[in-house]
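In the working numbering, the protein residues as written are 152 to 360.
Note that CB positions come from ideal geometry on N, CA and C, so glycine has one too.
The block underneath contains the structure these notes are about, expressed in structure tokens.
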């Protein structure tokens, strides 16, 4: 299988019912204001991984003045500071070399020596965990280590577990939008929208390629 951004997203959707287990704990700091502000490189790297325009992924108007980008970056800094720093350094280097967003996402997600295997570097681990947070609103440190043992070298012991980042993160997971669906008990759509054709995916993701 060609392990690229789109196959990872499709696979995530296929196993979403298992990953979004209702008994996952909530991050202890979920309701706190993030202590750091996500740099543009984190937003842009996230946008490349998800194939979403940066200004759509992180709109200028923040809900309750809280940015998911700040929350996710804060969590990454606590869980794997060196790995996320390496990811952003690599992203800036790839951009400077003229790689497209699709190419950058593929470099992060798959091994250079075997394109069918995941990237086992610290940047690869940070990219997968960042991508999964945006998709599901869940930190999958345990799932990551279980499936790629070497990732334990990059993630703090405390964060080698799975938990929901926050209820806001879960409700705004991009997997719902990719599936043109919504989590149980919550929807961005108006009442009765199920009787109408769903909006085109590009209406709210604005794919970049």
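Would you mind stating whether residue i and residue j have Cβ atoms separated by less than 7 Å?
i           : j           : result
residue 289 : residue 315 : yes
residue 284 : residue 245 : no
residue 179 : residue 310 : no
Using the Cα positions of residue i and residue j, report the straight-line distance between them to the nearest angstrom.
i           : j           : result
residue 181 : residue 191 : 22 Å
residue 243 : residue 329 : 27 Å
residue 225 : residue 193 : 11 Å
residue 210 : residue 312 : 30 Å
residue 200 : residue 259 : 8 Å
residue 305 : residue 197 : 19 Å
residue 361 : residue 184 : Residue numbering for the chain in the displayed model covers 152 to 360; residue 361 lies beyond these limits and cannot be assessed.
residue 247 : residue 175 : 40 Å
residue 269 : residue 279 : 9 Å
residue 203 : residue 308 : 31 Å
residue 301 : residue 207 : 33 Å
residue 261 : residue 267 : 7 Å
residue 281 : residue 327 : 17 Å
residue 124 : residue 205 : Residue 124 is absent from the model: the chain starts at 152 and stops at 360.
residue 265 : residue 189 : 32 Å
residue 277 : residue 253 : 17 Å
Using the rule of at least 16 other Cβ atoms within 10 Å of the residue's Cβ for burial, across every protein chain shown, is residue i buried or exposed?
i           : result
residue 187 : exposed
residue 292 : buried
residue 317 : buried
residue 143 : Coverage of the chain is limited to positions 152 through 360, which leaves residue 143 absent and any answer about it impossible.
residue 263 : exposed
The segment 223 to 235 / the segment 265 to 283 touching (three or more Cβ pairs under 8 Å) = Yes: the two stretches touch, three or more of their Cβ pairs being nearer than 8 Å.
query = Which ranges would you report for the beta strand (DSSP E) in the segment 238 to 266 if only whole runs of at least 3 residues count?
reply = Complete beta strand (DSSP E) runs here, min 3: none at all.
message = Tell me whether the segment 216 to 225 and the segment 294 to 308 touch, counting them as touching only if at least three CB pairs, one residue from each stretch, are closer than 8 Å.
response = No, the segment 216 to 225 is not in contact with the segment 294 to 308.
query = Does the segment 281 to 288 come close enough to the segment 319 to 328 that 3 or more CB-CB pairs lie under 8 Å?
reply = Yes, they touch.
inquiry  = What ranges does the beta strand (DSSP E) occupy inside the segment 272 to 316, keeping only unbroken runs of at least 3 residues that lie completely in it?
reply    = Counting only runs of 3 or more, we get 289 to 291, 313 to 315.
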